[in-house]
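For the sequence shown, the numbering used here gives the first residue as 5, with consecutive numbering after it. Heads up, the thing below is written out as C-alpha cells.
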Amino acid sequence: MFTGIIEELGSVRALRKLPDSAMLTVKAAAVLEGSKIGDSIAVNGVCLTVTSVASREFTADVMPETLRRTNLKDLSANASVNLERALTLQTRCGGHFVSGHIDGVGVIHSIKPAGNAKIIEIAVPAAIAGMIIDRGSIAVDGISLTVVNAMPQSFTVSIIPHTLSQTTLDAKTTGSAVNLETDMLGKYVARYIRGMSSADLTDNAHTESAGISEEFLREQGYF
5 MFTGIIEELG
15 SVRALRKLPD
25 SAMLTVKAAA
35 VLEGSKIGDS
45 IAVNGVCLTV
55 TSVASREFTA
65 DVMPETLRRT
75 NLKDLSANAS
85 VNLERALTLQ
95 TRCGGHFVSG
105 HIDGVGVIHS
115 IKPAGNAKII
125 EIAVPAAIAG
135 MIIDRGSIAV
145 DGISLTVVNA
155 MPQSFTVSII
165 PHTLSQTTLD
175 AKTTGSAVNL
185 ETDMLGKYVA
195 RYIRGMSSAD
205 LTDNAHTESA
215 GISEEFLREQ
225 GYF
C-alpha cells in the first residue's frame with residue numbers, strides 16, 4: 005500500500021526483457037534507505053517486489069501481466085521514474101490509499117498553463133472511465149492527484165509547480181502514456197453494485213428493485 009506521494013525520481017539503469025517478463029534495475033537513493041529483498045517499491049505507480057539491493061540501485065522482476073497493463077514495457081535506459089516505498093503505520097498519508105495495481109494506461113491529450121499550474125487532460129480507456137469522478141482521487145504514474153473534471157473519455161488534473169519539479173510529469177508531452185489507478189473505494193462500490201444488480205435480475209422476486217434506489221440506501225443506513 006502506498007500514498008501517491010513520490011519520494012524521489014529514480015533513473016532506469018536497465019530493463020532486461022525476457023520472453024514473457026522482464027528484470028528492471030533502477031538507480032535510486034532515498035527509497036533504498038531501510039529497503040531489503042522482498043520489500044515493495046512503487047515504480048511509476050506499479051507495485052514491484054525488490055529482488056536485489058545494491059548501494060545505489062535495486063532490481064525487481066516484472067511479470068507478464070504487469071508488462072501488458074502498464075507503461076513499464078516502454079522504459080529505456082536513463083528514463084526517469086517516480087519512486088515510493090510502501091507506507092508504514094508511522095507514515096503521514098498526505099495523498100490517498102494507492103495499491104500499486106494499475107487499472108489501465110492513459111494518454112496525455114493536452115497540457116495547458118493555468119496561472120502557476122498546468123492543466124493536463126488525459127484520455128482514459130472506456131473500462132475505467134466510469135470509475136473517475138470530479139474532485140475524486142486518482143494516481144497518475146503513482147502520483148496522488150485530484151480530478152478537476154471527469155468527462156466520458158478523459159479527465160483533467162491541475163499540477164502545481166512542486167509536483168512538476170519532483171515527478172516525471174514535468175517531462176511529459178502530448179501523447180505520453182501514463183499508468184492510471186482509480187480510487188480503491190470506487191472500485192469496490194462499483195463491483196458491489198454490479199453484483200447486486202445481476203443478482204436482482206436473476207431473481208424474479210426482486211426484478212423490480214434491480215439497481216440502487218433511494219429506498220435501498222435508506223434501508224442500508226446511508227440516510
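A virtual CB, placed ideally from N, CA and C, is assigned to each residue, including glycine.
Residue burial classification, E69 (beta-carbon count within 10 angstroms, cutoff 16)
Residue numbering aside, residue 69 sits at position 65 when the sequence shown is read from its first letter. So E69 counts as exposed.
For E88, count neighbouring C-beta atoms within 10 Å of its own C-beta (all shown protein chains included) and say buried if the count is 16 or more, exposed if not. In the sequence shown, the residue the question calls residue 88 occupies position 84. Under this definition E88 is a buried residue.
- Query: For V193, is the classification buried or exposed, using 16 other Cβ atoms within 10 angstroms of its Cβ as the cut-off for buried?
  - Reply: Along the sequence shown, read from residue 1 onward, the residue named residue 193 stands at position 189. Exposed, since its Cβ has fewer than 16 Cβ neighbours within 10 Å.
Can you look up P117 in the DSSP assignment and give me helix, strand or coil? As a position in the sequence shown, residue 117 is number 113, starting the count at 1. For P117, the secondary structure class from DSSP, reduced to helix, strand or coil, is strand.
Fill in: Burial state of S141 (16 or more Cβ within 10 Å)
Within the sequence shown, numbered from 1, the residue matching residue 141 stands at position 137. Label assigned to S141: buried.
According to DSSP, is S44 part of a helix, a strand, or is it coil? Mapped onto the sequence shown, residue 44 falls at position 40. Strand at S44.
- Task: Please look up how many angstroms separate the CB atoms of S15 and N120, rounded, as I've assumed it's under 8 Å.
- Result: Numbered from 1 along the sequence shown, position 11 holds the residue referred to as residue 15. Numbered from 1 along the sequence shown, position 116 holds the residue referred to as residue 120. About 27 Å separates the beta carbon of S15 from that of N120, a gap too long to meet the 8 Å contact definition.
Per DSSP, what kind of secondary structure is K31 in: helix, strand or coil?
Locating residue 31 in the sequence shown gives position 27, counting from the first residue. The answer is strand: DSSP assigns K31 an E or B state.
| said: Considering only their Cβ atoms, is the gap separating T74 from T63 smaller than 8 Å? | reply: Here residue 63 corresponds to residue number 59 of the sequence shown, with the count starting at 1. Here residue 74 corresponds to residue number 70 of the sequence shown, with the count starting at 1. One thing to note: T63 has its Cβ no nearer than 8 Å to the Cβ of T74.
- [ ] Measure the C-alpha to C-alpha separation of T95 and K176 and round it to an integer number of angstroms.
- [x] For the purposes of this step, residue 95 is identified with residue 91 of the sequence shown, where counting begins at 1. For the purposes of this step, residue 176 is identified with residue 172 of the sequence shown, where counting begins at 1. Their Cα atoms are separated by approximately 29 Å.
Check your understanding: Leaving out five residues before and five after G99 in sequence, what residues of the same chain have Cβ atoms less than 7 Å from its Cβ?
Key -> Taking the sequence shown and counting its residues from 1, the one referred to as residue 99 is at position 95. Result list for G99: T7, G8, I9, S148, in chain order.
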